[in-house]
Amino acid sequence: MNGDNVDDDNSMDRKAPLRVALLGAGIFATNAHAPMIRKHPEIVQCIAVWSRRQESAETLIANVFDDGCNSDMLAYSGEQGLHELLQSPDLDAIIMALPLDKQPEYVTMALKAGKHVLSEKPIAPTVLEAKVLTDDYQTYFSSQLQWSVAENFRYEPAIQRTTEVVQNEIGNPFLFSLNMRMPFQPENPYLNTAWRNKPSWYGGLFVDAFVHATAMLRKILGSEAKFISAITSSQADYLPSVDTMAAHVEFQSGVQGSIATTYACSSMKFELEITGTKGTVLLQRKLDGPGYRITVNDNEVEEYGFGGIEGELLSFADACRRGRDVDCNTPEEAMKDLMFVEACLKSGQNNGERITLV
């Protein structure tokens, strides 16, 4: 890889909206990325949508953007269409939500074309691929281009607030418990995509989904996992690969705790409890509506709505427009999230062997 095609002067008008194109016109692009772009026209402007099929790109534009205010938005498809799009001088950045096994090559193409990139998590199917991508980015592109790996959990207001509580209100944390039931039923539209149904990497759906939890734990505890012992299993015949795990984790800070998670279930539960020398904090997904509930020391209750997808988009746009670093969703952070997941899977493959993370 080289950065020969990157424009040495990649600056842009800081007051102008960031001009972006969506790569991928699937469920997440339609339901998450596109609506959030529409919400902030003064900050980010979508000028094009690319998909493998022309019809998909046109459908997204028609369903989300076609209100008379985006008549100039273009639909692209196929390899030639992607080449034309990436060469456009009117394009500042790419926002992509593509199959995980294909996404790394598209990140590389966009960076080589001199475009900022916001790519969906995980950073890659494996840590090995993630390291190659990250090393190349740091060597050839990081001085001129922003690459952010979209992990919305780091920007969720409730998770940010829980981080503050752990840092300031419960003394020294020493114990945690994470209990997650996240149902992926056969009719789940996210499950019914080819790359999730027949993944080309070990871990499949578990890698794609559990990376949220590792990002959350790393952020809230402010430390890296040091030792992991996990038992994994496959409980649902309609889910590919691992779908259930029980694990014990020790962090470099000395915090230790347990994780129990499954995607082979019919009801949801999400609880993270952290105990410190002066108190406890409990983070829960609300069951009576969208968002989270935080309980501090068993009596102080706070509620927060979802805001992570919006936060990560605005942070990325700000970094591109003002030349600031993306302080939360860097490729390095995304790779550490994936290292945590991979260590869990490796331990599970070896009957709970204690894995040391370097």
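Just so you know, we're using our numbering here: the sequence shown kicks off at 672 and counts up by one.
Using N, Cα and C, we set each Cβ at its ideal position, and we do this for glycine too.
Check	Outcome
Under 8 Å by Cβ, that's how I've got Val972 and Gly950 pegged, so tell me the actual separation to the nearest angstrom.	Wrong, their Cβ atoms sit about 14 Å apart, outside the cutoff.
In angstroms, rounded to a whole number, what distance separates the CA positions of Gly928 and Phe977?	26 Å
Within a Cβ cutoff of 6 Å, which residues of the same chain sit near Gly695, ignoring the five residues on either side of it in sequence?	Met767, Ala768, Leu769
Can we say the segment 979 to 989 touches the segment 802 to 822, given the rule of at least three CB pairs closer than 8 Å?	yes
What are the uninterrupted segments assigned as alpha helix (DSSP H) that are 4 or more residues long and contained completely in the segment 782 to 851, given in chain order?	798 to 807, 828 to 839
Taking 8 Å as the threshold, find out whether the segment 875 to 887 comes into contact with the segment 824 to 834 through three or more Cβ pairs.	yes
Return the chain-ordered list of same chain residues with a C-beta closer than 7 Å to the C-beta of Ile794, the five sequence neighbours on each side being excluded.	Ala801, Leu804, Val820, Pro1002, Ala1005, Met1006, Leu1009
Under DSSP, the alpha helix (DSSP H) around Glu755 begins and ends at which residues?	749 to 757
With DSSP run on the structure shown, which of helix, strand or coil describes Glu1013?	helix
What does the Cβ neighbour count give for Pro760, buried or exposed, with the cut at 16 atoms within 10 Å?	exposed
What is the DSSP secondary structure of Phe855, reduced to helix, strand or coil?	coil
By the three-class DSSP mapping on this structure, what secondary structure does Phe699 have?	helix
Applying the 10 Å Cβ sphere with the 16-neighbour rule, what's the burial state of Asp680?	Its pLDDT being 47, under 50, Asp680 is placed unreliably by the model, and nothing is read from it.
Which stretch, first to last residue, makes up the beta strand (DSSP E) that contains Lys686?	Neither: Lys686 is in no beta strand (DSSP E) and is coded neither H nor E.
Looking at C-alpha atoms only, which residue of Ser900, Met780, Asp908 is the closest neighbour of Asp807?	Met780
Check this for me: beta carbons of Val778 and Val788, under 8 Å apart or not?	yes
According to the Cβ coordinates, are Leu846 and Val926 closer than 8 Å?	yes
Taking the CB atoms as reference points, tell me whether Ala917 and Phe1011 lie closer together than 8 Å.	no
Based on the DSSP secondary-structure assignment, which residues constitute the bridge partners of Gln955?	Glu942, Arg964
So, under 8 Å CB-CB, Ala935 and Asp914 are touching, yes? Tell me the CB distance rounded to an integer number of Å.	4 Å
Can you list, in chain order, the residues of its chain whose CB lies under 6 Å from that of Tyr975, leaving out five sequence neighbours each side?	Pro828, Ala829, Gly962, Tyr963
If I'm right that Gly1023 touches Ala901 with Cβ under 8 Å, what's the distance once you round it to whole angstroms?	6 Å
Helix, strand or coil for Gln725? Go by DSSP, reduced to three states.	helix
Quick check on the DSSP output: what are the complete beta strand (DSSP E) runs of length 3 or more inside the segment 867 to 910, in order along the chain?	896 to 904
On a Cα-Cα basis, can you pick out the residue from Ser813, Gly979, Leu892 that is closest to Thr833?	Leu892
Pull the bridge partners of Ser929 from the DSSP assignment, please.	Ser848, His919
Determine which residues share a DSSP beta bridge with Val720 and list them.	Leu693, Ala746
Helix, strand or coil for Gly982 per DSSP?	helix
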